Structure formats: structure tokens, C-alpha cells
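Chains as they are written, first to last, in our numbering: chain A, 158 to 670; chain B, 27 to 332; chain C, 4 to 352. Built from N, CA and C at the ideal position, the CB exists for glycine as well. Note that the structure is predicted; figures quoted are calculated from it, not measured. Heads up, the thing below is written out as C-alpha cells.
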Amino acid sequence: MLLEMEHVTKRFGELVANRDVSLSVRAGEVHALLGENGAGKTTLMNILSGMYAADEGVIRLNGEKIVINNARDAIAKGIGMVHQHFMLVPALTVIENVVLGLKENKHFLDLRGAAARLNELGDKFGLAVDPWAKVADLSIGQQQRVEILKALYRDAQLLILDEPTAVLTPQEVESLFAMIRTLTQEGLTIIFISHKLMEILGICDRCTVLRRGEVVQTIDVADITDKQHLANMMVGRQVDLHVQKPRVTPGDEVLKLDDICYTDKDGARRVKNVSFAIRRGEILGICGIDGSGQSQLVECITGLAHATQGSVTLNGKPSNQMPTREILRHGVSHIPEDRHRMAMVGQLSINENLLLMTSARKDFLCHGLYRWKAISTYNQKLCEDYQIKAQGVSEPMTNLSGGNQQKVIVAREMDRHPNLLIAMHPNRGLDIGSTKYIQGKIVEARNNGAAVLLVSGDLEEIMDLSDRIAVMYNGRIMAVMPQQSATIDKLGLLMAGVMPEGMNEHIATNGAS
Amino acid sequence: MIQWTTNFLASTFLISTPIILVGLGIVFSERAGVINIGAEGLMLIGALMGVVGSWATGSVILGTLIAMLSGVFFSLIFAYLTVSLRANQVVAGLALNIFAGGFTVVMNRLIFGVAGNAAKIDVFNTVPIPVLKEIPIVGASLFSQPLPVYIALIAAPLLQFYLMRSNPGLKIRAVGENPKAADSLGISVPAVRYMTLLYAGAMAGFAGAFVSMGQVSFFSEGMIAGKGYMALAAVVFGNYNPVGVLMAGLVFGSAESLQYRLQASGSPIPYQFLLMLPYIITVLALCVYHKKTNRPAYSGQPYHKG
Amino acid sequence: MTRGAIYPAIAVIAALAVCAVILLVMGLDPVLAYQKLFQGAFGSKNAISETLTHAIPLLLCALSFAVGVQGGLINLGATGQLYIGALAGGAVGIYLHLPPILHIPLILVVGFIAGGAYGLLIAFLKNRFGVSELISTIMMNYVAIYLLNYLVTGPMKDTSSANNLPQSALIATTAKLSIILPGTRLHAGLYLAIAALLFYYLFFYKTPLGYQIRVGGLNPDAAHYAGFSIEKNNYVTMFLAGGFAGLAGCVQIMSVQSRLIHAFAKELGFSGVAVALLGNNTPLGIAISSILFAGLDGGAAKMQTLAKVPNAVVYMLQGIILMFVVGQEMFNLFHRRQRRAGIKKEAAT
Numbered sequence: 158m159l160l161e162m163e164h165v166t167k168r169f170g171e172l173v174a175n176r177d178v179s180l181s182v183r184a185g186e187v188h189a190l191l192g193e194n195g196a197g198k199t200t201l202m203n204i205l206s207g208m209y210a211a212d213e214g215v216i217r218l219n220g221e222k223i224v225i226n227n228a229r230d231a232i233a234k235g236i237g238m239v240h241q242h243f244m245l246v247p248a249l250t251v252i253e254n255v256v257l258g259l260k261e262n263k264h265f266l267d268l269r270g271a272a273a274r275l276n277e278l279g280d281k282f283g284l285a286v287d288p289w290a291k292v293a294d295l296s297i298g299q300q301q302r303v304e305i306l307k308a309l310y311r312d313a314q315l316l317i318l319d320e321p322t323a324v325l326t327p328q329e330v331e332s333l334f335a336m337i338r339t340l341t342q343e344g345l346t347i348i349f350i351s352h353k354l355m356e357i358l359g360i361c362d363r364c365t366v367l368r369r370g371e372v373v374q375t376i377d378v379a380d381i382t383d384k385q386h387l388a389n390m391m392v393g394r395q396v397d398l399h400v401q402k403p404r405v406t407p408g409d410e411v412l413k414l415d416d417i418c419y420t421d422k423d424g425a426r427r428v429k430n431v432s433f434a435i436r437r438g439e440i441l442g443i444c445g446i447d448g449s450g451q452s453q454l455v456e457c458i459t460g461l462a463h464a465t466q467g468s469v470t471l472n473g474k475p476s477n478q479m480p481t482r483e484i485l486r487h488g489v490s491h492i493p494e495d496r497h498r499m500a501m502v503g504q505l506s507i508n509e510n511l512l513l514m515t516s517a518r519k520d521f522l523c524h525g526l527y528r529w530k531a532i533s534t535y536n537q538k539l540c541e542d543y544q545i546k547a548q549g550v551s552e553p554m555t556n557l558s559g560g561n562q563q564k565v566i567v568a569r570e571m572d573r574h575p576n577l578l579i580a581m582h583p584n585r586g587l588d589i590g591s592t593k594y595i596q597g598k599i600v601e602a603r604n605n606g607a608a609v610l611l612v613s614g615d616l617e618e619i620m621d622l623s624d625r626i627a628v629m630y631n632g633r634i635m636a637v638m639p640q641q642s643a644t645i646d647k648l649g650l651l652m653a654g655v656m657p658e659g660m661n662e663h664i665a666t667n668g669a670s
Numbered sequence: 027m028i029q030w031t032t033n034f035l036a037s038t039f040l041i042s043t044p045i046i047l048v049g050l051g052i053v054f055s056e057r058a059g060v061i062n063i064g065a066e067g068l069m070l071i072g073a074l075m076g077v078v079g080s081w082a083t084g085s086v087i088l089g090t091l092i093a094m095l096s097g098v099f100f101s102l103i104f105a106y107l108t109v110s111l112r113a114n115q116v117v118a119g120l121a122l123n124i125f126a127g128g129f130t131v132v133m134n135r136l137i138f139g140v141a142g143n144a145a146k147i148d149v150f151n152t153v154p155i156p157v158l159k160e161i162p163i164v165g166a167s168l169f170s171q172p173l174p175v176y177i178a179l180i181a182a183p184l185l186q187f188y189l190m191r192s193n194p195g196l197k198i199r200a201v202g203e204n205p206k207a208a209d210s211l212g213i214s215v216p217a218v219r220y221m222t223l224l225y226a227g228a229m230a231g232f233a234g235a236f237v238s239m240g241q242v243s244f245f246s247e248g249m250i251a252g253k254g255y256m257a258l259a260a261v262v263f264g265n266y267n268p269v270g271v272l273m274a275g276l277v278f279g280s281a282e283s284l285q286y287r288l289q290a291s292g293s294p295i296p297y298q299f300l301l302m303l304p305y306i307i308t309v310l311a312l313c314v315y316h317k318k319t320n321r322p323a324y325s326g327q328p329y330h331k332g
Numbered sequence: 004m005t006r007g008a009i010y011p012a013i014a015v016i017a018a019l020a021v022c023a024v025i026l027l028v029m030g031l032d033p034v035l036a037y038q039k040l041f042q043g044a045f046g047s048k049n050a051i052s053e054t055l056t057h058a059i060p061l062l063l064c065a066l067s068f069a070v071g072v073q074g075g076l077i078n079l080g081a082t083g084q085l086y087i088g089a090l091a092g093g094a095v096g097i098y099l100h101l102p103p104i105l106h107i108p109l110i111l112v113v114g115f116i117a118g119g120a121y122g123l124l125i126a127f128l129k130n131r132f133g134v135s136e137l138i139s140t141i142m143m144n145y146v147a148i149y150l151l152n153y154l155v156t157g158p159m160k161d162t163s164s165a166n167n168l169p170q171s172a173l174i175a176t177t178a179k180l181s182i183i184l185p186g187t188r189l190h191a192g193l194y195l196a197i198a199a200l201l202f203y204y205l206f207f208y209k210t211p212l213g214y215q216i217r218v219g220g221l222n223p224d225a226a227h228y229a230g231f232s233i234e235k236n237n238y239v240t241m242f243l244a245g246g247f248a249g250l251a252g253c254v255q256i257m258s259v260q261s262r263l264i265h266a267f268a269k270e271l272g273f274s275g276v277a278v279a280l281l282g283n284n285t286p287l288g289i290a291i292s293s294i295l296f297a298g299l300d301g302g303a304a305k306m307q308t309l310a311k312v313p314n315a316v317v318y319m320l321q322g323i324i325l326m327f328v329v330g331q332e333m334f335n336l337f338h339r340r341q342r343r344a345g346i347k348k349e350a351a352t
């Protein structure tokens with residue numbers, strides 16, 4: 158064994174990111190770490206690369222117990238990590254990034270010599286990059302090469318790649334895989350973090366599955382005959398939390414997307430040819446691994462971004478170029494994915510946070526000034542209705558628990574009686590009680606005639622709440638199907654980019670209409 | 027005309043020098059991501075402590091060293107506030123400036139009395155460079171200057187080379203552009219920021235000492251009068267490069283030098299517009315640089331590890 | 004809220020202590036100095052009225068910075084905005100002759116708009132070219148300083164007297180603010196300062212636009228999510244910030260200055276920053292800390308004559324107060340260390 162991590166536990170306050178995790182990696186293999194977002198893969202690898210210290214557990218390298226206190230220690234032991242968000246300095250050249258922080262650097266840098274050595278390495282591993290180019294001018298794929306070269310330049314023996322394909326085009330993925338094969342031939346060992354089954358089957362030797370911070374199993378990839386089994390291990394099954402949902406006949410179309418594409422400012426195509434429609438009284442659930450384009454899709458609907466191609470129709474009006482302010486006026490409510498970053502202002506009170514979307518409401522004002530008493534009374538009632546536990550409405554938002562913060566946001570967004578409710582990961586990080594409560598509220602909105610777009614990575618939730626389900630993968634809608642014909646198994650495979658047998662793209666797309 | 031040009035150039039170099047010296051200091055701390063508006067106060071302290079040191083030791087060199095040490099000491103407080111305590115850099119700088127305004131006056135009155143400083147001190151004398159001083163115009167202006175002027179002119183390209191080609195220079199640039207990446211490679215972000223701030227403090231002390239002992243030969247209250255802010259402007263206009271600072275400092279210095287001459291000759295152009303020029307140029311430069319600026323991506327942001 | 008009130012108090016006490024040590028090292032008597040300082044600031048009717056007179060422009064400059072902070076902008080340009088406001092208002096005061104009932108409001112409105120326009124320029128540079136307001140405000144200060152200098156030595160120079168000082172003619176008597184406490188210099192500007200403070204409170208805590216600006220200042224992403232325009236916020240914020248500073252300038256020339264004088268505001272703009280920070284940008288905090296800082300300024304003379312301590316000690320004190328305010332993490336660290344020690348002790352027993 159090259160590397161053994163034994164009984165590693167890492168806590169962040171209340172949250173246990175890794176619980177008693179043991180992992181062993183053989184020399185020369187490509188070892189996959191498979192798991193959903195939040196399963197603890199990256200935390201475990203950050204411990205190995207010296208970014209975090211483990212609370213408990215032992216790390217052995219070549220049988221010897223080692224202590225890694227910081228990044229320098231990890232580098233000295235031959236462990237290199239390519240983070241998902243690159244640790245490059247965009248304003249510097251490739252060679253400057255490569256030699257940055259090297260212990261053997263002389264006072265004045267010999268960049269020419271270093272460039273020569275870098276070119277040598279590049280030739281050996283098939284990773285040629287211009288040493289004198291500025292990193293900011295490189296494509297994402299080339300930047301990834303620089304990260305790998307940086308590790309190789311430091312004589313890494315164990316290379317950790319954190320979701321390396323997440324940012325790459327299919328062609329770049331091919332060349333990355335070729336690179337990985339060359340590296341292992343040259344004797345390197347790779348830890349490959351991913352949640353994409355096909356990639357793991359394609360490139361890895363063994364695979365350790367993590368779920369909610371714990372190891373489920375380590376298996377030889379060669380032994381995998383049933384992809385379904387692997388997907389189930391990753392996704393897991395929760396206790397049944399059935400939500401009561403009466404039949405509602407869908408009404409008018411509220412939102413219609415037609416062939417939406419979105420290219421971000423770095424030129425990456427985040428959303429590709431997405432079309433669907435949602436009617437009053439129905440919940441369309443979109444499931445997918447994080448980063449499959451859901452965020453950008455929602456931004457295009459809410460006006461935070463504008464689709465670069467295709468049309469968005471809201472209440473029968475084209476809304477693609479509308480500013481957010483106007484879209485909100487059309488009765489769109491939005492529970493965003495990152496409540497701390499977007500949906501709330503921590504320093505402000507509950508009262509002021511509840512006012513965010515209705516700051517110009519006529520009956521809250523008297524001669525242009527807020528009637529704080531009336532607003533407080535109104536919000537007090539809202540807090541009671543939504544079972545928000547707080548000292549009072551003047552308590553700062555940041556003092557509340559995550560569940561109560563989310564309830565404030567849900568209360569605010571539902572109180573406007575939306576035509577269209579967009580909820581992204583509404584239950585992320587919440588306890589069972591709050592989760593059930595918020596799920597109930599979402600169904601209530603649908604029963605009251607709202608069109609609901611629910612984005613979630615939690616399949617149980619998607620299955621429980623949705624009337625129709627769409628699966629997003631790599632910017633595309635893989636399939637849209639009625640809830641009745643969906644199974645967790647089928648969704649799990651689609652989320653990992655695998656078309657289940659007996660289901661082809663044609664059928665899948667037909668489900669959309 | 028030759029006489030006019032010679033005088034104009036000579037005074038330009040003399041006026042530019044303190045701005046260049048302090049600019050060459052803060053360009054490094056700025057590159058490491060720390061906004062250093064406290065340079066104004068550090069210069070003021072340097073101007074006083076230089077005079078005090080020179081008066082006490084009888085040597086302008088020792089006086090300058092004492093000025094530099096004072097700059098380092100007060101920079102240490104600034105660094106502790108901004109790097110260790112992650113205080114707002116602008117406010118900490120402002121606090122330092124307000125403090126320095128009071129501190130120097132109190133010290134000056136205690137040491138030299140209310141009447142002001144009549145004490146005779148050793149000051150920077152001109153050091154004409156043999157042979158070169160014979161060249162027409164340039165000889166009498168550029169090559170007949172006090173030592174710090176030569177230092178400022180020579181240091182700029184050397185420091186440019188140091189920032190761009192040395193290992194510490196690379197670390198400094200990396201820390202300002204992406205402290206997290208630097209941290210992931212085992213570079214201590216606080217250590218780098220402390221070092222650049224202490225160095226900038228020494229340079230501010232030096233520049234201050236030159237104001238009180240190179241341009242004149244006494245300390246007067248509030249004598250820095252915005253030179254520290256002008257150095258900040260020089261760093262911005264010079265696009266965060268030492269050589270750029272040199273150029274910007276000379277441009278700003280020549281505007282001021284020209285202004286004196288216009289004032290004396292009774293020119294129809296109001297001299298105040300020349301004095302405004304450095305600041306207007308800097309704002310325009312900011313508009314033009316826009317995306318191409320070398321301003322570090324993490325300028326002004328305290329670094330939280332993890 | 005309690006935290007917001009306690010830290011500044013601790014900062015002031017800590018600064019007094021540190022400054023006392025420095026005075027001792029310098030061979031001065033801190034107890035006597037502080038005693039005379041206090042007497043000079045608040046010890047008599049005249050002292051109090053002088054302190055309040057000082058506090059008026061200080062409070063307006065503090066509001067100028069505080070408005071910026073509410074909108075997430077660092078406005079270091081109160082100095083420049085103050086001079087531009089004073090220039091515009093001063094021109095109206097010197098060259099127009101109107102009944103006081105019209106003249107005074109007109110000067111204030113013109114001064115507010117002129118200072119505000121100078122602030123708008125900063126917002127424009129930021130919105131259009133992404134120029135950091137931090138640097139542009141400092142630069143524009145100097146432009147304003149030299150513009151004032153040009154005008155008071157050139158076109159607006161006082162030609163009536165024989166002296167050659169850089170100053171304009173006196174403003175019309177109809178433009179003078181009346182004295183509200185006979186026998187002192189305390190003038191009607193006090194009412195204006197109180198009104199400005201009230202406006203600040205009402206605008207930011209009672210109106211939708213003020214609320215939207217506060218949201219944008221605290222969390223631009225949330226503002227974006229709620230459909231508020233950050234660019235518009237920047238314009239409104241800088242207009243108000245510049246306007247308040249402009250008012251400060253007008254009030255000075257309509258009272259204690261009586262005319263435009265080169266660099267008459269000295270460090271007023273930056274002192275305002277310190278006052279706003281010490282007052283934690285709250286209306287009450289700003290009121291208290293502006294009186295405190297004005298008291299330091301006002302008491303300094305008495306301290307100098309009676310305790311033989313140079314008046315500049317108060318600037319040292321102000322600087323140290325500000326360092327403690329900005330370094331309040333220091334107290335947090337201290338607190339945390341104590342708590343950790345406490346936990347360890349508990350664990351040990």
C-alpha cells in the first residue's frame with residue numbers, strides 16, 4: 158500500500174465532514190473517490206494535502222506514519238493536489254506559477270532553467286504548455302495542465318485530482334484521461350474524485366464510495382457489473398418521508414423555456430438547448446449533480462443572467478431581457494441555492510429581511526416613511542404562521558439557526574402568493590423537522606395554483622414533491638418524465654450521465670411535452 | 027534659457043525624490059495586497075525623527091537611519107492592526123496619519139521648544155559626481171544632487187528587477203493576486219505582508235528625512251502636506267511598478283517645479299492648475315487602465331486562512 | 004446593539020490610558036492634562052458652546068462618511084466635497100444680496116447640490132470605469148483644494164483690504180447664520196446639523212430607497228437578487244455623501260469663517276471619518292462622538308495654557324482612539340483567549 162488513511166474524523170463545529178474514514182491506495186493505481194456533493198470527498202483530500210488538520214486518525218505513507226501540518230509538509234512527502242478551483246495566480250506566467258514557493262528557489266530566480274525543466278516534464282508526460290504564457294490567457298484545460306505540472310515539478314508521487322472533469326469539454330476530458338494513463342505508466346498514483354460513473358468505469362482501478370462523510374465500500378472497478386449498484390451506493394436511501402399531495406389538474410402555462418443556451422463570461426457553455434414548460438398547479442423537479450447548469454438555468458429565468466440563445470416566456474410575455482425587478486413584479490418568488498450569499502442580509506433583523514422583496518409595499522408606508530409598528534405586527538404574524546423560532550422580529554438574522562433562516566426566506570417568498578415559485582435546494586443543510594415543514598409549504602403553493610420549479614440534488618425529495626421530473630447533466634436536460642414513471646435508480650443513472658437501458662434520448666425528450 | 031532649464035531640472039529631481047522614495051516602498055506593500063495610506067504619517071514621523079537624530083548625533087546619515095527605524099516601528103503597529111487583527115487598512119492608515127500629525131508636533135515642541143527648531147543640524151549636501159557634473163545642463167541638474175536623489179533614481183530599476191525576478195518578489199506578487207493559492211504552496215501570507223510593510227515603513231522614514239534634511243534643514247509642523255498621498259497616486263499612475271513610480275514621481279515633480287517657475291515669472295496660467303495635474307492624471311490613468319491595471323486582485327482584503 | 008455601544012467606549016478608555024503612558028514617558032502630567040482638557044471642553048457655558056460649534060461641521064463630515072458606508076462605499080473625499088460646496092455656496096453668499104429668509108436656504112441648497120455633484124463624479128467613475136472610490140476621492144480632494152486656492156488668490160480674491168491674504172471678500176450679512184446663544188459663537192448651524200442627523204436616520208431607516216441602499220451596502224448579491232440597482236445606489240449614496248460635506252463647508256463660511264479662505268477646513272474631512280467610525284455609523288453614536296472629538300479640539304487650548312501640554316496631544320489621542328476602534332478584533336482575541344482559558348480550567352477540575 159502506498160497510502161493508508163485510518164479512522165480519520167474531521168468536524169467543522171457541529172458538522173461532521175468525515176466520520177471514521179479509512180482509505181487505502183495502492184501504488185500505481187487510479188483510485189476513485191465517489192460520492193455526492195457534501196459526501197466529504199474534498200475534505201478528506203484537503204486533510205491529505207495539508208489544507209486542514211484531521212481531528213482524529215492516522216495517515217501512513219509507504220507503511221510509515223506521517224504527520225502533515227501544512228501544505229509544505231504534504232509537498233515534501235510527494236503529495237500533490239489539483240483543487241477543483243485552481244490554486245493559480247492568474248496575473249503570473251505559467252513558469253512563475255510553477256516555481257512559486259519552491260524551497261530550492263535561489264534568491265534570484267532562474268526562470269529559464271526552470272522553463273527548460275518544465276518543458277522536459279511536459280514532453281515526458283505529454284503535457285506541453287508555453288512556460289511564458291500568462292495563466293489568465295490560458296483555457297481552463299490548459300490551466301489544469303499547469304496545475305498538474307506544478308505538482309509534477311515538485312516530484313509528486315501521489316496526485317489528487319478533485320473533480321478534474323467538471324470544468325472540461327469532452328475533448329479535454331479525453332486528453333486528460335490520456336495524461337492520467339501516461340502518469341500511471343510512469344509510476345505515479347492518482348486519487349480521482351468524481352461523481353460521474355462513466356468516468357470512473359473508464360479510467361479507475363478501484364473505487365471508494367463515500368456517503369455523508371462515511372465510507373460505504375471500496376471495490377475493484379473490474380468487478381463492477383451493475384452500474385445501478387454503484388449509483389445506489391452513492392445516492393443512498395433515506396427514511397421514507399412521504400408528503401401528502403392531492404391531485405391537482407394543471408392550469409395555464411406560467412413559464413416556458415424554448416431552446417435556452419447560456420454561455421458565461423469565461424466562454425463556458427453552462428446551459429445547452431434546454432426547453433420545458435411549467436403550468437399552474439404542478440411541480441417540475443429538476444435533479445442533477447451540482448454544477449450541471451441548474452444555477453445558470455435558474456439565473457436565466459429570474460433575470461440575474463440573460464440567456465444567450467432561445468426564449469423565456471413568463472405569463473405569456475417574453476422575459477429574457479427583463480430586469481430582475483420586473484420579473485419579480487410578475488409574481489415570481491425565488492428561494493436561492495445559497496441563502497447566506499444571496500437570500501438574506503445577516504446583519505439586518507428578521508423584520509428587515511422579510512421586507513426585502515416588498516420594500517415599496519404601499520400599506521407599509523405612510524407619507525413615504527415605513528410604519529415599522531405595522532410592519533412588525535405583520536411580520537410577527539408571519540413568523541408565527543411559519544413557526545419561526547426567534548426572540549422577536551428585531552433579532553438579527555445571523556443569530557437564527559439555519560432552519561429558521563430558511564423558514565424566514567420561505568415565509569417571505571410564499572407570502573407574495575407567487576405565480577411561479579423557484580426553489581433551489583430548499584432543504585440543504587436543514588434538519589428533518591424544518592425539511593418536512595418547508596416541503597409541505599412548497600406543495601401548498603402548488604395546491605394554491607402556483608407553478609413550481611424545484612431544483613434539488615436530493616432524489617427522495619424530488620420523487621416526493623414533483624409532478625414531473627427533469628434530469629440535468631452537463632448543461633443539458635437528459636430526460637423529462639412524469640413522476641409515476643421515474644424511479645430513484647433511473648434518476649441516479651441519468652444524473653451520472655448514463656442513459657438507462659430501454660430508454661433512449663428520443664423517448665426521453667418526448668416526455669417533455 | 028539654459029539656466030532656466032538647468033534650474034527647472036535640478037528642482038524637479040529634488041522635489042520628486044521623496045515621492046519616488048516612499049512610492050518605491052509602498053509599491054511593494056500594495057503589490058502584497060495592503061493599501062497603505064498611512065505612508066503620509068510615516069513620512070511625517072520620519073521627517074521629525076531625522077532632524078532629531080541628526081541634531082542628537084551630529085550626522086545626517088545616522089539621523090536618516092533613526093528616521094527609517096521610526097518608520098519601521100510605526101509600520102509594525104500598522105501591520106499588527108491590518109495583518110494580524112485584519113483591521114480595515116484604510117481606517118488604520120488614517121488613524122496612523124492623525125496620530126502622526128499630533129505626535130510630531132508634540133515631540134517637536136518638547137525637544138525644540140514652541141519657537142520652533144532653530145538648532146543647527148547636519149543635512150544632506152550636494153554630492154557632485156566627478157566628470158559627469160561637467161556635462162552642460164544635466165551636469166549641474168542631475169549630477170549635482172544630494173545622495174538620496176541618486177539612490178531614488180538607481181533604486182527604481184533595481185527594485186523593478188527585484189520585484190519581477192527574485193523569489194521574494196514573486197511571493198509578494200502572488201500574495202496580492204491570490205493569497206489562497208500562495209498559502210496552498212506553503213507561503214505565509216502574513217509574513218510576506220509584514221515584511222513589505224516594514225520595508226515600506228523604512229522607505230517612508232527615509233523619504234521623510236529627505237524632506238526635512240534634503241529639501242530644507244528643519245522640521246516644520248505638517249511639512250509632508252500630502253506627499254504620502256501623492257506617492258500613492260504615483261504608485262497608481264505608475265501602474266504598481268517601481269519604474270512606473272519613478273516616471274510618475276518625475277512627472278509629478280516636474281509639474282510642481284514648473285509651478286514655482288510660473289508663479290515667479292507671473293505667467294497667465296494659474297499655477298494651481300499645475301498642482302492639480304498629478305491628481306487629475308492619476309484619475310484619468312485609472313479610467314484608462316481599467317482592465318489592464320496591475321492593481322492586485324486582493325488589494326485591501328485581509329486574509330483569513332481556511 | 005450593546006456590543007456596538009461598548010466597543011467605542013472601551014476604545015476611548017484604552018486610548019486615554021495609552022496616551023497617558025506616552026505623556027508620562029515624555030515627562031508630562033497626564034492627570035493634569037486630562038483635567039484641563041475636560042475643563043476646556045465642557046467646564047463652562049462658553050466651553051460647551053465652543054465644543055458644540057466645533058461639533059457642527061464635524062458631525063456633517065461624519066455623516067458624509069457614514070452615508071458612504073451605508074451604501075458600501077469608502078468616501079475619503081469629504082474634504083474635497085466640502086470645499087466645492089463652500090465655493091458654490093460662498094459665491095452665492097458673497098455676490099447675491101437677498102433677504103436672509105431666501106439667502107440662507109439658497110446657499111445651503113446650492114452648497115448641497117455642488118458637493119453632491121462632486122460626489123456624483125466619483126460614482127460615475129466607479130460605475131462607468133470601475134475606478135475605486137477609495138483612490139479617486141483622495142485625488143479629487145487635492146483638485147478641490149487647489150481650485151479653492153486659485154479662486155481665493157485670483158478671481159474671488161478680496162480686493163477691498165490692503166492685505167494680501169488668500170481669501171475672498173466677506174459674505175453678505177444676509178447670509179450669516181444667527182448666533183443662538185448670546186455671548187458665544189454658537190450659531191443656527193446647530194439646528195441644521197440636528198436636521199441632517201434626523202434626515203440621515205429617517206432616510207436610511209424609514210424609507211424604501213434608504214433601505215435598498217443599506218441592503219446593497221451590506222450584501223450586494225442580496226440587492227442584486229431583490230432587483231435593486233447597485234449603480235443607482237452608488238449615485239444616490241455619493242450625492243448624499245457629497246451633499247452633507249458641502250453643507251459642512253457652507254455652514255463654516257456662513258458662521259465662524261465668514262469668507263472663503265485657503266484650506267480653511269484643514270483636517271475636518273478626515274476627522275469626520277474618525278467620528279463616524281467611533282460612532283459606529285449610528286445617528287446617536289455620531290452625535291456623541293462628534294461632541295467628544297469637538298471637545299478634544301476645544302479643550303486642547305486650555306490644556307496647553309494651564310497644563311503646559313502641547314495641544315497637538317489631542318490628535319495623538321484621536322489617532323489612538325481610532326486604532327483601538329479599528330483594531331477591535333484585539334478585544335475579541337483577548338476575550339476568546341480568556342474564554343478558552345476558562346474552558347481549560349473547567350476541564351481540568
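Cutoff 7 Å; reference residue i; Cβ partners in own chain excluding five residues on either side
i: A:Asn508; result: Ile532, Ser533, Asn536, Val550, Ser551
i: A:Asp695; result: With chain A represented from 158 up to 670, any question about residue 695 of chain A goes unanswered, as that position is not in the structure.
i: A:Gln395; result: In this prediction, A:Gln395 has a pLDDT of 48, which is less than 50 and means its spatial position is unreliable; what the coordinates show is noted afterwards. Excluding sequence neighbours, A:Gln395 sits near Glu617.
i: A:Ser206; result: Ala228, Ala231, Ile236, Met238, Ile317
i: B:Ser85; result: Asp148
Beta-bridge pairing of residue i - partner residues as DSSP gives them
i: A:Cys523; result: A:Leu526
Sub-7 Å separation of residue i and residue j beta-carbons
i: A:Gly279; j: A:Ala273; result: no
i: C:Ala12; j: C:Ile294; result: no
i: B:Ala73; j: B:Gly254; result: no
i: C:Asn78; j: C:Thr177; result: no
Same chain, Cβ closer than 6 Å to residue i, five either side skipped, listed in chain order
i: C:Thr156; result: Pro169
Same chain only: Cβ atoms within 8 Å of residue i, ignoring 5 sequence neighbours per side
i: A:Arg155; result: Nothing about residue 155 of chain A can be read from this structure; chain A reaches only from 158 to 670.
What are the residues of the segment 466–483 of chain A that lie near chain C, defined by any Cβ-Cβ distance shorter than 9 Å? Pro480, Thr481, Arg482, Glu483
Minimum length 4: unbroken alpha helix (DSSP H) runs contained in the segment 196–224 of chain C: 211–221
Just by C-beta distance, which residues in the segment 51–64 of chain C are closer than 7 Å to chain B? none
Residues of the segment 185–216 of chain B whose Cβ lies closer than 8 Å to any Cβ of chain A, in chain order: Arg191, Ser192, Asn193, Pro194, Leu196, Lys197, Arg199, Ala200, Glu203, Asn204, Lys206, Ala207, Ala208, Asp209, Ser210, Leu211, Gly212, Ile213
At 4 residues or longer, what runs of the alpha helix (DSSP H) sit wholly inside the segment 341–383 of chain A? 354–360
For the segment 268–282 of chain A, which residues have a CB atom closer than 8 Å to at least one CB atom of chain C, in sequence order? none
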